[in-house]
Amino acid sequence: WSEDRFNEIIKEVSNFIKKVGYNPKSVAFVPISGWHGDNMLEESPNMPWYKGWTKENKAGVVKGKTLLDAIDAIEPPVRPSDKPLRL
């Protein structure tokens, strides 16, 4: 598990998402291994260099360590429930 490779990927992905209109500060970057389950549900001992992710949203700064934390930190969109239903 390479910290250098993870940082390289963050840099490349950040450049791409800027081009398509997203703010990289509002994205949680989490190094995971789906094969081994690292950093998916709980913090992995295989990446001692990884201190967690930080992202900005409307409520402020959110922090976490795992993919599950990042998914839980997604703000649901506001739905206009007081308006008529349109299909």
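So in my numbering, spot 23 of the sequence shown is number 28, and the numbers just go up one at a time.
Idealized CB from N, CA, C, for every residue including glycine.
With DSSP collapsed to three states, give me the class of N12. In this structure, N12 counts as helix in the three-state DSSP scheme.
Neighbourhood of P29 by C-beta, 7 Å cutoff - its chain only, sequence neighbours within 5 removed: Cβ neighbours of P29 beyond the five flanking positions: S19, I22, K23.
In the DSSP assignment, the beta strand (DSSP E) including W54 goes from what residue to what residue? Unbroken run through W54: none, as it is neither H nor E.
Determine the direct distance from the alpha carbon of A75 to that of A64, and round the result to whole angstroms. Whole-angstrom Cα-Cα distance: 15 Å.
Please determine, among G69, P85, R84, the residue with the shortest C-alpha to C-alpha distance to A78. Comparing Cα positions, the closest option is G69.
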